[in-house]
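A short write-up of the structure that comes next.
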């Protein structure tokens, strides 16, 4: 079988859950499905894309430079030229023009656009609203990264047939519990790089955008610090700056505890792992998540987790985290306090829960859908 794979996300330089998903599957699928002929399509060359082809003789990489709207204006040309039997689209859309006999598998990561349309640029609204709807209607098969997302597909697009729930995985070599030596060495290195983190800290990892609910997290943190129980606590926010991040940055800057709130920006996985290892608690109080990959990362590293009781988050953490109402700052405070008190219990439960997820399993399930795409 000739399988096409849109790897355009890997040419963007972004670091988010969608790009991680594409990268992990792009590395694994040709290895698992060596009997198939693989064709990767992208609008720009990048080291990440070229590394994928090394040692994979049955993998063809097609770079077709195009300034904009590549998926709709340039990718169709390559599809007619190379004629894949099935096309895998992990970016929540399909090319409108495509060979009629080619089967399609599209991935829906989240439908936050329906819940918070005001939090998206017009371009993102177009891509995520219009093209997600088109993909949901026309793809032969849909992969949803959580049951919550599959429920949203049913709610907003009315589709239930040919929908497969395949969870994200986890890089267990990177995100894991440290050895005693690693813990001690990384603690010294962390305090040398960030002297203020000698004190206990609450950790948030994710892009700075409104639906991550950082405004309420900052307010909850202020309440914690004001109490007698957590006077030395710090708040660490690690992640790139997303759309509408300025109000978040202003809120941090005007907090009376701004000196205790540390915005570290986008960090490599190695530094994120160290932050997870030494955090008192990891908090993801999002108003919506399609999956919530940092939840798995934190649990795998033995960090107690507090997260929202809505959307995909309860599905990801199972019984291994403290669930909170993200609209209540008092409940966020309650969750953090409870996680501190149940630290050892939550660490063990989280490690066990994270062990249930792997990118190998995600790739194996995805390959099964791709190779059976001619059947419903």
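In my numbering, the protein residues as written are 1 to 376.
We put the CB at the ideal spot given by N, CA and C, even for glycine.
- Alpha carbon to alpha carbon, what distance is there between residue 177 and residue 164? 31 Å
- Query: Mapping DSSP to helix, strand and coil, what is residue 305?
  - Reply: strand
- Between the segment 146-163 and the segment 267-280, are three or more C-beta pairs nearer than 8 Å? no
- Task: Could you tell me the distance, in whole angstroms, from the CA atom of residue 169 to the CA atom of residue 317?
- Result: 13 Å
- Message: Need the endpoints of the alpha helix (DSSP H) that residue 75 sits in, please.
- Response: 75-82
- Alpha-carbon spacing of residue 334 relative to residue 324, whole angstroms: 8 Å
- Query: What is the rounded straight-line gap between the Cα of residue 87 and the Cα of residue 344?
  - Reply: 45 Å
- Query: So, residue 377 versus residue 74, is the Cβ gap smaller than 9 Å?
  - Reply: Past the edges of the chain, shown from 1 to 376, lies residue 377, and the structure says nothing about it.
- Excluding the five sequence neighbours on either side, which residues of its own chain have a C-beta within less than 7 Å of the C-beta of residue 361, listed in chain order? 169
- Message: Counting beta carbon pairs with one atom in the segment 256-270 and one in the segment 226-244, are three or more of them shorter than 8 Å?
- Response: yes
- Looking only at DSSP bridge pairs, what is residue 165 linked to? 144
- Item | Residues that residue 27 bridges to, as DSSP identifies them | Beta-bridge pairing links residue 27 to no other residue.
- Proximity to residue 252 [Cα-Cα], best of 215, 281, 292: 215
- Go to residue 343, then tell me how far its alpha helix (DSSP H) extends in each direction, as first and last residue. 343-354
- Using a Cβ-Cβ cut-off of 7 Å (strictly less than) and excluding sequence neighbours within five positions of residue 141, which residues of its own chain qualify? 105, 162, 164, 369, 373
- Task: Note down the Cα distance separating residue 9 from residue 50, rounded to an integer number of angstroms.
- Result: 13 Å
- Item | Nearest-angstrom Cα separation, counted from residue 314 out to residue 96 | 35 Å
- Query: If residue 4 and residue 39 are in contact, beta carbons under 8 Å, what's the gap, nearest whole angstrom?
  - Reply: 5 Å
- Query: Does the Cβ-Cβ distance between residue 239 and residue 283 come in under 9 Å?
  - Reply: no
- CA-to-CA distance, residue 85 to residue 47, given in whole angstroms: 27 Å
- Task: Write down every uninterrupted run of the alpha helix (DSSP H) in the segment 190-237 whose length is 4 residues or greater and which is fully enclosed by it, in chain order.
- Result: 214-226
- Message: With three or more beta-carbon pairs closer than 8 Å as the criterion, would you say the segment 351-366 touches the segment 21-31?
- Response: yes
- Message: If you follow the beta strand (DSSP E) that residue 104 is in, where does it begin and where does it stop?
- Response: 103-108
- Sort out for me which residues DSSP pairs residue 2 with in a bridge. 37
- Message: Quick check on DSSP: helix, strand or coil for residue 293?
- Response: helix
- Task: Could you please give the first and the last residue of the uninterrupted beta strand (DSSP E) stretch that includes residue 283?
- Result: 281-284
- Item | Alpha carbon of residue 123 to alpha carbon of residue 129, nearest angstrom | 10 Å
- Item | Beta-carbon separation (whole angstroms), residue 217 vs residue 278, contact threshold 8 Å | About 19 Å separates the two Cβ atoms, so there is no contact after all.
- Which term fits residue 213, buried or exposed, when burial requires 16 or more other beta carbons within 10 angstroms of its beta carbon? buried
- From what residue to what residue does the alpha helix (DSSP H) around residue 131 run? 131-138
- Where does the unbroken alpha helix (DSSP H) through residue 49 begin, and where does it stop? 47-53
- Just tell me which of 55, 267, 339 has its CA closest to the CA of residue 241. 267
- Task: Report, in whole angstroms, the separation of the C-beta atoms of residue 339 and residue 304, which I expect to be a contact under 8 Å.
- Result: 4 Å
- Query: If we ignore side chains and look at the alpha-carbon of each, how far apart do residue 321 and residue 352 end up?
  - Reply: 12 Å
- Opposite residue 271 in the DSSP bridges: which residues? DSSP, once it has assigned bridges, lists no residue as partnering residue 271.
- Message: Could you check whether residue 290 and residue 110 sit closer than 9 Å to each other, using their CB atoms as the reference points?
- Response: yes
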